[in-house]
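With this note's numbering applied, the sequence shown covers 8 to 338. For each residue, glycine too, the CB sits at the ideal point set by N, CA and C. The model shown is predicted, which means the values in this text are computed figures rather than measured ones. Here's the structure we're looking at; comments come further down.
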Amino acid sequence: MRTIPLNADSAMETTDGAAMPAARKRVFWLFFVIVLMHLLLPLAFLPYTFAWWGIAVVLIGNFIFGSIGINLGYHRMLTHSAAKFPTLLERLWVLLGVCSMEGSPLFWVCTHRIHHQHSDGRDDPHSPRWSFFWGHLEWIYTEDPRRQSLEAYSRYVPDLLGDKFLRWLHRGNKWLVVWACHVVALAAVGYLAGFLLCGDSADAIQFGTRWLLWSVVVRTVYVWHITWLVNSAAHRWGYRNYKTGDNSTNNWFVALLTNGEGWHNNHHATPRACSQGHRWWEIDLTYTFVRLLQCVGLAWDVAPVKVPAHIREKRDLGKPDLTEVVAQDTA
Ligand SMILES: [Zn+2]
Ligand SMILES: [Zn+2]
Numbered sequence: 008m009r010t011i012p013l014n015a016d017s018a019m020e021t022t023d024g025a026a027m028p029a030a031r032k033r034v035f036w037l038f039f040v041i042v043l044m045h046l047l048l049p050l051a052f053l054p055y056t057f058a059w060w061g062i063a064v065v066l067i068g069n070f071i072f073g074s075i076g077i078n079l080g081y082h083r084m085l086t087h088s089a090a091k092f093p094t095l096l097e098r099l100w101v102l103l104g105v106c107s108m109e110g111s112p113l114f115w116v117c118t119h120r121i122h123h124q125h126s127d128g129r130d131d132p133h134s135p136r137w138s139f140f141w142g143h144l145e146w147i148y149t150e151d152p153r154r155q156s157l158e159a160y161s162r163y164v165p166d167l168l169g170d171k172f173l174r175w176l177h178r179g180n181k182w183l184v185v186w187a188c189h190v191v192a193l194a195a196v197g198y199l200a201g202f203l204l205c206g207d208s209a210d211a212i213q214f215g216t217r218w219l220l221w222s223v224v225v226r227t228v229y230v231w232h233i234t235w236l237v238n239s240a241a242h243r244w245g246y247r248n249y250k251t252g253d254n255s256t257n258n259w260f261v262a263l264l265t266n267g268e269g270w271h272n273n274h275h276a277t278p279r280a281c282s283q284g285h286r287w288w289e290i291d292l293t294y295t296f297v298r299l300l301q302c303v304g305l306a307w308d309v310a311p312v313k314v315p316a317h318i319r320e321k322r323d324l325g326k327p328d329l330t331e332v333v334a335q336d337t338a
């Protein structure tokens, strides 16, 4: 069993020769989009645009686009086949994920499956072992040839490549067109509601602008960061129920924000399981949503929690040892 020091955040290379992707070329359009959205964010907090109801819009938007779209659609359903739904609902979950602007479903699933195979090892696409910033955000706008080749897609997402809908979204970045359409649709809803609810056109325009900023800009940035926290914070801080060979943790703060994805040590212990909360108090609202659908016959084949005996522990393992991590490289 090899161990890799975790104490040199800025190091490009660890003692076993593991290294960050050598070609650190930036993907400028992604960098530009991320910066632009963050620059637009303060506009939502001006007296003209701020509204307390905006916070409710963000939280509800997070459940719809983040929890159902990313957690359930992209992650548990597509990546891990944790449950099945009627085709129409499966398509809807994917489209909601697309509207979170985290890449095409094929790209997202490919990246995440590589993460599971090499978690916190040399070939993990986004281990925070290098630095919190790398695991949280920097890896997204850094070119990684491992995830761009046809070979990688054939190897990691062969089961999804036969899906015409997913291929259509991926080819030519058409998922971005879908994302743009949802922005136009939300803008239309906001301004139309403004004209229906407000007395004069000035108030209507103000209402529509507020709606657009909070339902798109603030919600998108919020969902981005809480998703990214699963990769960064939930591989650094928290407690561990299981002796997984990585640094994954159960982080209650991230779990609360993401409606369940923060029980990440549980997830690494049993990736296929639909439920990520394994103790009674590890609340997982994304799973609750699946259970509700199951009750009315709209979800089936819900994968149970099955933890391999060798990593099961009866006691709380406490915090991860951040001085070292077991390399999971299969290479
Ligand atoms: Zn992980
Ligand atoms: Zn996963």
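Which of the three DSSP states, helix, strand or coil, is assigned to residue i?
| i | result |
| --- | --- |
| residue 137 | coil |
| residue 257 | strand |
| residue 302 | helix |
| residue 32 | coil |
| residue 149 | strand |
| residue 246 | strand |
| residue 270 | strand |
| residue 46 | helix |
| residue 165 | helix |
| residue 295 | helix |
| residue 345 | With the chain covering only 8 through 338, there is no way to say anything about residue 345. |
| residue 171 | helix |
| residue 124 | helix |
| residue 319 | coil |
| residue 210 | helix |
| residue 278 | coil |
| residue 290 | coil |
| residue 108 | coil |
| residue 57 | coil |
| residue 251 | coil |
| residue 188 | helix |
Have a look at the DSSP bridge pairing and note the partners of residue i.
| i | result |
| --- | --- |
| residue 181 | None; residue 181 has no bridge partner. |
| residue 307 | 91 |
Considering only the beta carbon of each residue, do residue i and residue j sit closer than 8 Å?
| i | j | result |
| --- | --- | --- |
| residue 74 | residue 234 | no |
| residue 78 | residue 267 | yes |
| residue 204 | residue 214 | yes |
| residue 277 | residue 314 | yes |
| residue 71 | residue 103 | yes |
| residue 306 | residue 297 | yes |
| residue 115 | residue 160 | no |
| residue 127 | residue 121 | no |
| residue 117 | residue 55 | no |
| residue 133 | residue 86 | no |
| residue 64 | residue 282 | no |
| residue 152 | residue 238 | no |
Rounding to the nearest angstrom, what Cα-Cα distance links residue i and residue j in this structure?
| i | j | result |
| --- | --- | --- |
| residue 49 | residue 166 | 42 Å |
| residue 225 | residue 44 | 8 Å |
| residue 319 | residue 113 | 32 Å |
| residue 248 | residue 242 | 13 Å |
| residue 182 | residue 76 | 13 Å |
| residue 60 | residue 197 | 13 Å |
| residue 338 | residue 36 | For residue 338, the predicted model reports a pLDDT of 32, less than 50, meaning its position is unreliable; a value from the coordinates is still stated below. Roughly 32 Å between the two C-alpha positions. |
| residue 58 | residue 188 | 25 Å |
| residue 331 | residue 240 | Residue placement at residue 331 cannot be trusted, given a pLDDT of 44 that sits under 50; what the coordinates show is reported in the next sentence. If you take the alpha carbons of residue 331 and residue 240, they lie about 16 Å apart. |
| residue 194 | residue 250 | 47 Å |
| residue 295 | residue 207 | 42 Å |
| residue 105 | residue 255 | 26 Å |
| residue 109 | residue 317 | 34 Å |
| residue 148 | residue 157 | 20 Å |
| residue 24 | residue 125 | Reliability fails at residue 24, whose pLDDT of 39 lies under 50, so the model's placement of it is uncertain and the value that follows must be treated cautiously. Computed Cα separation, rounded: 15 Å. |
| residue 62 | residue 51 | 11 Å |
| residue 174 | residue 111 | 9 Å |
| residue 272 | residue 257 | 5 Å |
| residue 217 | residue 53 | 10 Å |
Specify which residues have a beta carbon nearer than 6 Å to any heavy atom of ligand 2, listing them in chain order. 82, 86, 87, 119, 123, 274 and 278
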